[in-house]
Amino acid sequence: MNRISFMRAFALAASLSLAALAQFSCDDNPADDLSNLRLSAYSGDHQTERAGAVLSEPLVVKVSDILGNAKPGVLVSFSTNAPSALVNPSQTATDANGLASCSFQLGAAAGMQHVWAAIPGDSVLLSATAVAFGCPEESPVRLCVWPLKHIFIATTSSSLLGGAGSVVIDFNPADGEAAEVLETAERIDGISFSARGELFVSMEDIIRKADPATHDLETYADADWASTRFSLEPNPGGVLAGLNPGAPHSIGCPGSMAELSSSHMFAAILWENFAVDPVTRDVHLMTASGPSNYVLWRGLWDGRAITVGSWESVANLFVGTAEPRGMCADSSGTMYICFDGNDTWRRIVTVAADGTIDYEFFDFYAYYGNNAQAAGRWGDIAYLDGKLYVIDRRNDRLVVISKTGEWLAEYESDVFSMPLVETDHYAICASPYRPCTTK
Numbered sequence: 000m001n002r003i004s005f006m007r008a009f010a011l012a013a014s015l016s017l018a019a020l021a022q023f024s025c026d027d028n029p030a031d032d033l034s035n036l037r038l039s040a041y042s043g044d045h046q047t048e049r050a051g052a053v054l055s056e057p058l059v060v061k062v063s064d065i066l067g068n069a070k071p072g073v074l075v076s077f078s079t080n081a082p083s084a085l086v087n088p089s090q091t092a093t094d095a096n097g098l099a100s101c102s103f104q105l106g107a108a109a110g111m112q113h114v115w116a117a118i119p120g121d122s123v124l125l126s127a128t129a130v131a132f133g134c135p136e137e138s139p140v141r142l143c144v145w146p147l148k149h150i151f152i153a154t155t156s157s158s159l160l161g162g163a164g165s166v167v168i169d170f171n172p173a174d175g176e177a178a179e180v181l182e183t184a185e186r187i188d189g190i191s192f193s194a195r196g197e198l199f200v201s202m203e204d205i206i207r208k209a210d211p212a213t214h215d216l217e218t219y220a221d222a223d224w225a226s227t228r229f230s231l232e233p234n235p236g237g238v239l240a241g242l243n244p245g246a247p248h249s250i251g252c253p254g255s256m257a258e259l260s261s262s263h264m265f266a267a268i269l270w271e272n273f274a275v276d277p278v279t280r281d282v283h284l285m286t287a288s289g290p291s292n293y294v295l296w297r298g299l300w301d302g303r304a305i306t307v308g309s310w311e312s313v314a315n316l317f318v319g320t321a322e323p324r325g326m327c328a329d330s331s332g333t334m335y336i337c338f339d340g341n342d343t344w345r346r347i348v349t350v351a352a353d354g355t356i357d358y359e360f361f362d363f364y365a366y367y368g369n370n371a372q373a374a375g376r377w378g379d380i381a382y383l384d385g386k387l388y389v390i391d392r393r394n395d396r397l398v399v400i401s402k403t404g405e406w407l408a409e410y411e412s413d414v415f416s417m418p419l420v421e422t423d424h425y426a427i428c429a430s431p432y433r434p435c436t437t438k
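In numbering that gives the first Met the number 0, the protein residues as written are 0 to 438.
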């Protein structure tokens with residue numbers, strides 16, 4: 000089982016751990032010959048993460064007999080003595096491969112922290128290093144300063160825009176209402192919330208953070224290039240990730256940016272198509288590889304440092320004359336890529352974590368009765384709580400599609416795009432959907 004598949008399996012297994020505990024207890028262990036069983040570290044040992052944050056990978060141990068055979072159904076206990084640290088679950092049964100796992104939220108103090116895994120007759124110590132975060136923006140404590148579960152749009156074409164430049168719009172899916180957040184005289188290229196819940200925008204060679212009280216924009220990071228477009232994504236292990244036509248970047252504390260690949264590793268980067276897996280934290284981008292051919296790339300990332308040599312081609316997509324205009328990810332690692340073109344090829348295509356491509360996920364042209372006008376012109380795409388949000392620039396509407404490819408709703412308004420304007424630029428993102436803990 001590879002790293003990504005296991006992390007998916009862990010996310011599911013965590014939700015089923017209580018069911019396992021209902022079947023097994025410490026006094027009634029279904030495995031035979033417990034005194035002959037051995038416990039060993041399997042994966043996740045020796046990670047480094049911010050103090051107070053959850054490790055990017057679960058801690059995994061393996062139970063086997065003296066011959067090395069995996070033993071399923073053995074109860075494993077996890078514990079820690081680090082102040083304010085948490086393991087979850089504290090007990091779970093091994094699976095068919097003899098594996099048991101827990102997540103580990105580090106305590107607030109920097110330094111080495113430990114988790115003990117134990118079975119009757121054996122135990123193993125796993126360690127992690129907690130490092131102090133370098134600025135408030137890197138704190139893992141989520142802020143409650145912007146509305147939860149809202150869609151935020153930065154667009155150059157809206158009835159809310161008073162002049163040239165861009166306007167940021169807050170759309171509430173619960174009631175379908177949209178309101179202006181802020182307006183700029185410059186074009187906004189990218190928009191994203193950080194994992195902590197702060198709002199950022201990018202404008203050519205600068206990244207700015209929005210003040211939640213005044214909605215003023217303050218400079219956060221100046222790029223070392225000029226007149227370059229830049230898209231933004233949340234970094235679950237820090238602040239932000241970004242992509243320009245040269246390379247993907249990690250964006251940390253104010254003024255801090257670092258490339259996640261060499262400047263010349265990728266040719267023909269499509270800067271609008273960028274996504275970070277919310278579970279594994281892996282970085283995804285797209286490049287052009289000739290007429291009608293695009294490549295989806297993945298780099299293994301923990302939110303801090305890219306794994307050396309980890310960049311790999313996930314899928315080659317052949318899409319006629321259409322171009323990818325935006326990309327987002329869900330918690331299963333599926334990438335949703337919005338393609339738009341002058342012909343009939345206007346679709347959302349999915350690529351699963353294992354590289355499986357679904358060209359038929361959602362076909363705008365077919366859904367709207369093979370009518371070129373109704374089929375719209377599409378751009379960036381956002382994922383929130385099982386739903387996809389994308390704007391039709393031709394018909395001035397925000398469309399909502401389920402993660403299973405079902406049309407759910409549309410909101411037609413010149414707030415989202417002005418009539419007779421199809422060349423407008425917009426970027427779209429979702430505000431955090433997990434509960435926050437502080438103001």
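Beta carbons: idealized from backbone N, C-alpha and C, even for Gly.
Check: Should ASN394 go down as buried or exposed, given a rule of 16 or more other Cβ atoms within 10 Å for buried?
Finding: With 16 or more Cβ atoms within 10 Å of its Cβ, ASN394 is classed as buried.
Next item on the list: Would you mind sorting GLU405 into buried or exposed? The rule is 16 or more other CB atoms within 10 Å of its CB.
Entry: By the neighbour-count rule (16 or more Cβ atoms within 10 Å), GLU405 is not buried but exposed.
Margin query: In the DSSP output, which residue or residues are listed as bridge partners for HIS113?
Written below: Per DSSP, SER126.
Check: In its own chain, which residues sit with a C-beta less than 6 Å from the C-beta of SER331, not counting the 5 before and 5 after it?
Finding: If we look at SER331 and ignore the five residues flanking it on each side, it has no Cβ neighbours.
Margin query: Below 8 Å on the Cβ atoms is my contact criterion, and I expect VAL414 with SER156 to pass it. Report the Cβ-Cβ distance as a whole number of Å.
Written below: About 10 Å separates the two Cβ atoms, so there is no contact after all.
Note to self: Starting from TYR367, trace the beta strand (DSSP E) in both directions and tell me its first and last residue.
What the structure shows: Boundaries for TYR367: no beta strand (DSSP E) harbours it, and the DSSP string shows neither H nor E there.
Notebook entry, point to check: So, is THR306 buried or exposed, given that buried needs 16 or more other C-beta atoms within 10 angstroms?
Noted result: By the neighbour-count rule (16 or more Cβ atoms within 10 Å), THR306 is not buried but exposed.
Next item on the list: Helix, strand or coil for ASN96, going by three-state DSSP, please let me know.
Entry: For ASN96, the three-state secondary structure derived from DSSP is coil.
Check: Which value, in whole angstroms, describes the spacing of the CA atoms of ILE152 and GLY302?
Finding: If you draw a straight line from the Cα of ILE152 to the Cα of GLY302, it is about 25 Å long.
Margin query: Counting beta carbon pairs with one atom in the region 309-325 and one in the region 239-253, are three or more of them shorter than 8 Å?
Written below: The region 239-253 makes no contact with the region 309-325: fewer than 3 CB pairs, one atom from each, lie closer than 8 Å.
Check: Do you know offhand how far SER24's Cα is from ILE65's?
Finding: With a pLDDT of 40 at SER24, under the threshold of 50, the modelled position of that residue is not reliable, and the figure given next carries that caveat. Answer to the nearest angstrom: the Cα atoms are 23 Å apart.
Item checked: Helix, strand or coil at ASN171 [DSSP, three-state] -> The DSSP-derived three-state label of ASN171 is strand.
Note to self: Using the Cβ count rule (16 or more neighbours within 10 Å means buried), how would you classify CYS134?
What the structure shows: Counting every other CB atom within 10 Å of its CB across the protein chains shown gives CYS134 a total below 16, marking it as exposed.
Item checked: Opposing strand residues paired with ASN292 [DSSP bridges] -> Paired residue(s): PHE317.
Notebook entry, point to check: Since VAL60 contacts VAL123 with CB under 8 Å, what's their CB separation in whole angstroms?
Noted result: Cβ atoms of VAL60 and VAL123 come within 8 Å of each other, at about 6 Å.
Note to self: Could you give the first and the last residue of the continuous beta strand (DSSP E) run that contains VAL282?
What the structure shows: VAL282 -> beta strand (DSSP E) spans 282-287.
Next item on the list: Closer than 8 Å by C-beta to THR128: which residues in its own chain qualify, once you throw out the five before and the five after it? Chain order, please.
Entry: Excluding residues within five positions, the ones whose Cβ falls inside 8 Å are HIS45, GLN46, THR47, GLU48, GLY110, MET111, GLN112.
Notebook entry, point to check: How would you call SER55, buried or exposed, if buried means at least 16 neighbouring beta carbons within 10 angstroms?
Noted result: Buried: at least 16 other Cβ atoms inside 10 Å.
Next item on the list: Over the uninterrupted beta strand (DSSP E) stretch that includes CYS337, give me the two end residues.
Entry: Counting along the chain, CYS337 sits inside the beta strand (DSSP E) bounded by residues 334-339.
Note to self: Nearest by alpha-carbon distance to ALA184: which of ILE168, MET202, LEU198 is it?
What the structure shows: Of the candidates ILE168, MET202, LEU198, the one whose C-alpha sits nearest the C-alpha of ALA184 is MET202.
Check: Under the DSSP definition of a beta bridge, which residues are partnered with LYS61?
Finding: According to DSSP, which records beta bridges pairwise, LYS61 is partnered with SER39, LEU98.
Note to self: Checking the sheet assignment: what are the DSSP bridge partners for LYS208?
What the structure shows: Answer is PHE199, GLU217.
Margin query: Any contact between the region 192-201 and the region 142-152? By contact I mean 3 or more CB pairs, one from each, below 8 Å.
Written below: Yes, the region 192-201 touches the region 142-152.
Margin query: Suppose contacts are defined by Cβ-Cβ distances below 9 Å. Is LEU198 in contact with ALA212 by that definition?
Written below: Not a contact, by the Cβ cut-off of 9 Å.
Check: Along the chain, which unbroken stretches of the beta strand (DSSP E) at least 3 residues long are found entirely within the region 235-282?
Finding: Look at the region 235-282 and you find these whole runs of beta strand (DSSP E), each 3 residues long or longer: 239-242, 247-250, 256-258, 268-275.
Check: Would you say SER126 and GLY51 are within 9 Å of each other, going by their C-beta atoms?
Finding: Between SER126 and GLY51, the gap from beta carbon to beta carbon reaches 9 Å or more.
Check: Does the region 285-302 come close enough to the region 312-319 to have 3 or more Cβ pairs within less than 8 Å?
Finding: Yes, since at least three Cβ pairs between the region 285-302 and the region 312-319 fall closer than 8 Å, the two stretches touch.
Check: Per DSSP, what kind of secondary structure is PRO135 in: helix, strand or coil?
Finding: Of the three classes helix, strand and coil, the one that applies to PRO135 here is helix, per DSSP.
Note to self: Using 9 Å as the threshold, is the C-beta distance between SER89 and GLY43 below it?
What the structure shows: No; because the gap between Cβ atoms is not below 9 Å, this pair is not in contact.
Notebook entry, point to check: For the candidate residues ALA178, ASP94, ALA373, whose alpha-carbon lies nearest to that of ALA69?
Noted result: ALA69 has its Cα closest to that of ASP94, out of ALA178, ASP94, ALA373.
Next item on the list: Whole angstroms is fine: what's the gap from HIS424's alpha carbon to GLY378's?
Entry: GLY378 has its alpha-carbon roughly 8 Å from the corresponding atom of HIS424.
Check: Residues in its own chain within less than 7 Å of SER39 by CB, not counting five upstream and five downstream?
Finding: Shown here for SER39: same chain residues with a beta carbon closer than 7 Å to its own, the five before and five after excluded, namely VAL60, LYS61, VAL123 in chain order.
Next item on the list: Confirm, please, whether the CB-CB distance from ALA328 to VAL275 is below 9 Å.
Entry: Pairing VAL275 with ALA328 gives a Cβ-Cβ distance under 9 Å.
Margin query: Determine whether the beta carbon atoms of VAL350 and ASP357 lie at a separation below 9 Å.
Written below: Judged by beta-carbon spacing, ASP357 lies within the 9 Å limit of VAL350, meaning their Cβ atoms are closer than that value.
Next item on the list: Find out if the Cβ-Cβ distance for the pair LEU147, TYR382 is shorter than 9 Å.
Entry: No; because the gap between Cβ atoms is not below 9 Å, this pair is not in contact.
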